[in-house]
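Step one of this worksheet: look at the structure below.
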Amino acid sequence: MASRVDLAKQYMDYQQERKLDEMLAMLADDVVMSNPMMGTITGKGALEQQMRNRPMGGGGGMGNITWSDPEEEGDSVKIVGTGSPFGPIKIVLAFNADDMINRIEAGLA
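Counted from 1, the sequence shown has number -2 at position 8 by our numbering; the numbering is strictly sequential.
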């Protein structure tokens, strides 16, 4: 069984490779995503719709981000990205008991 750090790395790899279906397969049905630009999105279906309706990588220089290796932070895993026009970005992924991602928080680091 993969560690949560390994699962976070896989999720980020899928994002970088633009493999949306594989990313979605890693999400719990009750996933909640929050970030300052989009607010909070609740539920896998709503998040899928949001992801399919906007370009992967976010545009605006977001494709130039270099991501750190994921590391455990309490019960979650954090990944920090540098190279964004806004400064360092931190993504925190939380998992349910089935190791599905149930929370994604993105913001400035």
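All C-beta atoms in this analysis are idealised placements derived from N, C-alpha and C, irrespective of residue type, glycine included.
Continuous beta strand (DSSP E) stretch holding residue i: start and end
{"i": "G29", "result": "G29 to T32"}
{"i": "N92", "result": "I91 to L98"}
Neighbourhood of residue i by C-beta, 8 Å cutoff - its chain only, sequence neighbours within 5 removed
{"i": "I31", "result": "V22, M23, S24, L37 and Q40"}
{"i": "P78", "result": "V70, G71, T72, L98 and A99"}
Backbone secondary structure at residue i - three-state DSSP
{"i": "N86", "result": "coil"}
{"i": "E63", "result": "strand"}
{"i": "M(-9)", "result": "coil"}
{"i": "G35", "result": "helix"}
{"i": "I69", "result": "strand"}
Delimiting residues of the alpha helix (DSSP H) encompassing residue i
{"i": "M13", "result": "L10 to A15"}
{"i": "R(-6)", "result": "R(-6) to Q6"}
Cut-off 7 Å between Cβ atoms - residues of its own chain near residue i, not counting five sequence neighbours on either side
{"i": "D20", "result": "G33 and N92"}
{"i": "N54", "result": "G73"}
Residue i and residue j closer than 8 Å at C-beta
{"i": "S58", "j": "V67", "result": "no"}
{"i": "R(-6)", "j": "D89", "result": "yes"}
{"i": "K(-1)", "j": "P60", "result": "yes"}
{"i": "M13", "j": "Q5", "result": "yes"}
{"i": "N86", "j": "A(-8)", "result": "no"}
Chain-order list of residues whose beta-carbon lies under 6 Å from that of residue i (same chain, five-residue window excluded)
{"i": "M16", "result": "Y1 and I91"}
{"i": "I81", "result": "I69 and A96"}
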